[in-house]
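K.L.:
The number in this note's numbering is simply the position in the sequence shown, starting from 1, with 2 added.
The structure follows.
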Amino acid sequence: MKKIIVLPAYNAVKTLEKTVSSIPKNSFDRIILVDDASKDGTYELALKLGLDATRHQENRGYGANQKTCYTRALQAGADIIVMLHPDYQYEPNIIPFLTGIIEKDICDIVLGNRIRTRAEALKGGMPVYKYLANRFLTMAENLAAGQNLGEWHSGLRAYSKRSLESLNWRDNSDEFVFDSQLLLEAAFRGLRIGDIPVPAKYFNDASSISFPRSVKYGLATLLAIAEYGGNKTGFIRTRRYKERLKGGGEENRE
Ligand SMILES: Nc1nc2c(ncn2[C@@H]2O[C@H](COP(=O)(O)OP(=O)(O)O)[C@@H](O)[C@H]2O)c(=O)[nH]1
Ligand SMILES: [Mg+2]
C-alpha cells in the first residue's frame with residue numbers, strides 16, 4: 003500500500019521542520035506539501051527539507067489547498083492519503099495507527115480526535131470557546147449523520163484512495179468548511195468513518211484562526227449540516243450529492 007502524507011501549508015515556517023521530523027520514517031512513501039502562497043518562506047523551507055512541494059500563486063484558502071493536495075496524491079498513485087496540518091499541533095506518531103485501521107479494512111476514513119476528554123483538551127491549551135463550539139458542532143454533525151465521532155474538525159485524517167475517488171470534494175468550498183462537507187458526503191454515501199485519540203498541543207503557532215473566522219466557520223458548518231439533511235431526506239439535490247460523474251475521480255481541474 004502506497005502511503006502519501008499531504009501537508010496543506012500556510013505560514014508554517016516555524017513549525018514545519020518539527021512536524022516533518024516527528025513523522026515516523028517508515029509510515030509513508032512520500033510527503034507532498036502544498037503552500038497556499040505563504041508570506042513567510044514556507045515553500046522555500048519545504049524545498050530545503052526535500053519535500054515534494056508546490057505552491058499556489060495566490061492565497062486560495064484551506065479547502066482549495068486540500069483540493070491541490072488530493073489531486074497530487076492521487077496522481078502520484080497513493081492507496082492511503084494522510085492529511086496533516088503542518089502546525090505541530092497533532093502528534094504524528096499515531097499516523098501508523100490511522101493508516102493501519104484502513105489497511106485492515108475496518109474504516110475508509112480515520113480521524114485523529116483531539117477531544118478524548120474535556121480535561122485533556124483544555125489542559126492541552128484548547129481555548130474554551132473552541133472546545134465548546136467543537137462539541138456543539140460535533141454533536142450536531144453526529145446526530146444529523148448518524149455517526150459517533152469524537153470531533154469532526156481535526157487536522158489529522160487518513161483516507162483510503164477509494165473514499166477520495168468516490169467523493170465530490172472538487173465541488174466543496176475553498177474555505178475551512180471543506181472538511182465538514184467532505185465528511186458529511188462520506189456519511190451520506192455510506193463510507194465507514196472512525197477515529198482514534200491524538201494528543202494535541204495548542205500554542206500560538208498551532209492555532210491561528212481568530213474568533214470572527216471561527217464564527218464564520220461555525221455558521222458554514224451549520225449550513226453544511228442543513229445541506230446534508232436536505233439531500234438525505236430528498237427535499238433538495240445539490241451538486242455535491244448528485245451521482246458521481248464517471249471518471250470524475252481522475253480528472254484534474256487545477
Ligand atoms: N491553505 C490555507 N490554510 C490556512 C489559511 N489560514 C489558516 N490556514 C491553516 O489552517 C489550519 C487550521 O488552523 P488552526 O489555526 O491550526 O486551527 P486550530 O488549531 O483548530 O485552532 C492551519 O494549519 C493553518 O495553517 C489560508 O488562508 N490558507
Ligand atoms: Mg492547528
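Note that the Cβ used here is the ideal one computed from N, Cα and C, for glycine as well.
1) Is G102 helix, strand or coil when you go by DSSP?
2) Over what stretch of residues does the alpha helix (DSSP H) that includes G220 continue unbroken?
3) Between A202 and T17, which are expected to be in contact by the criterion C-beta below 8 Å, what is the C-beta distance as a whole number of angstroms?
4) By DSSP's criteria, G196 is part of a beta bridge. Which residues make up the other side?
5) Scan the stretch 53-94 and note each continuous alpha helix (DSSP H) run of 4 residues or more that stays entirely inside, going in chain order.
6) Does at least one heavy atom of ligand 1 sit under 8 Å from the Cβ of P94?
7) Going by DSSP, what residue range makes up the beta strand (DSSP E) through V8?
8) Residues in the same chain with beta-carbon distance under 7 Å from K132, minus the five sequence neighbours each way, listed in chain order, please.
9) Here's a check: name, in chain order, each residue in its chain whose Cβ is nearer than 7 Å to the Cβ of G231, leaving out the five neighbours to either side.
10) Are the beta-carbon atoms of G63 and D89 separated by less than 9 Å?
11) I'd like the list of long-range same chain contacts for Y92, defined as Cβ closer than 7 Å, with 5 residues on each side in sequence excluded.
12) If you drop the 5 nearest sequence neighbours on each side, which residues of the same chain put their C-beta closer than 6 Å to that of G43?
13) Spell out a yes or no on whether the stretch 231-241 and the stretch 108-124 are touching, meaning 3 or more CB-CB pairs, one atom from each, closer than 8 Å.
14) Compute the Euclidean distance between the alpha carbons of K5 and I25, then round it to the nearest angstrom.
15) Around the C-beta of Y12, are 16 or more other C-beta atoms found within 10 angstroms, so that it is buried, or is it exposed?
16) Could you have a look at K248 and say whether DSSP puts it in helix, strand or coil?
17) Do you know offhand how far I97's Cα is from V8's?
18) Starting from the C-beta of A55, find all residues in its chain whose C-beta is less than 7 Å away, skip the five residues before and the five after it, and write them out in chain order.
19) Output the distance between the C-alpha atoms of K244 and F190, rounded to the nearest integer angstrom.
20) Bridge partners for R159 per DSSP, in chain order?
21) Buried or exposed for T240, please, with buried defined as at least 16 other CB atoms from any protein chain shown within 10 angstroms of its CB.
P.N.:
Inspection of the coordinates gives the following:
1) Locating residue 102 in the sequence shown gives position 100, where the first residue counts as 1. G102 falls in the helix class under three-state DSSP.
2) Taking the sequence shown and counting its residues from 1, one reaches residue 220 at position 218. Unbroken alpha helix (DSSP H) run through G220: 213-235.
3) As a first step, residue 202 is located in the sequence shown; it is residue number 200 there, counting from the start. As a first step, residue 17 is located in the sequence shown; it is residue number 15 there, counting from the start. Not confirmed; about 13 Å, so no contact.
4) Reading the sequence shown from its first residue, position 194 is the one you call residue 196. In the DSSP assignment, G196 is bridged to V112.
5) Within the stretch 53-94, the alpha helix (DSSP H) runs of at least 4 residues that lie entirely inside it are, in chain order, 64-77.
6) Locating residue 94 in the sequence shown gives position 92, counting from the first residue. Not under cutoff, so the answer is no.
7) For the purposes of this step, residue 8 is taken as the residue at position 6 of the sequence shown. If you look at V8, you'll find it in the beta strand (DSSP E) that goes 5-11.
8) Taking the sequence shown and counting its residues from 1, one reaches residue 132 at position 130. So the list reads S216, once near-sequence residues are dropped.
9) To locate residue 231, count along the sequence shown from 1; it is residue 229. Once the five neighbours on either side are set aside, the close Cβ partners of G231 are A146.
10) Here residue 63 refers to the residue found at position 61 of the sequence shown. Here residue 89 refers to the residue found at position 87 of the sequence shown. No, the pair does not count as a contact, with Cβ atoms beyond the cut-off.
11) If you number the sequence shown from 1, residue 92 lands on position 90. The answer, listed in chain order, is L86, G114, G157, L158, V200, A202.
12) In the sequence shown, the residue the question calls residue 43 occupies position 41. Same-chain partners within the cutoff: V15.
13) no
14) Here residue 5 corresponds to residue number 3 of the sequence shown, with the count starting at 1. Here residue 25 corresponds to residue number 23 of the sequence shown, with the count starting at 1. Computed Cα separation, rounded: 13 Å.
15) Counting from 1 along the sequence shown, the entry for residue 12 is found at position 10. By the 10 Å Cβ count, Y12 comes out buried.
16) Stepping through the sequence shown from its first residue, residue 248 is reached at position 246. Since pLDDT at K248 reaches only 46, below the 50 mark, its modelled position is unreliable, and no value is offered.
17) Against the sequence shown, residue 97 aligns to sequence position 95. Against the sequence shown, residue 8 aligns to sequence position 6. Those two C-alpha atoms are separated by around 12 Å.
18) Translated into the one-based positions of the sequence shown, residue 55 becomes position 53. For A55, where only same-chain residues beyond five positions count, the Cβ hits under 7 Å are L35, D37, Y45, A48, L49.
19) Locating residue 244 in the sequence shown gives position 242, where the first residue counts as 1. Locating residue 190 in the sequence shown gives position 188, where the first residue counts as 1. Going by C-alpha positions, K244 is about 11 Å away from F190.
20) Numbered from its first residue, the sequence shown carries residue 159 at position 157. BP columns for R159 point to M85, L113.
21) Counting from 1 along the sequence shown, the entry for residue 240 is found at position 238. Burial call: exposed.
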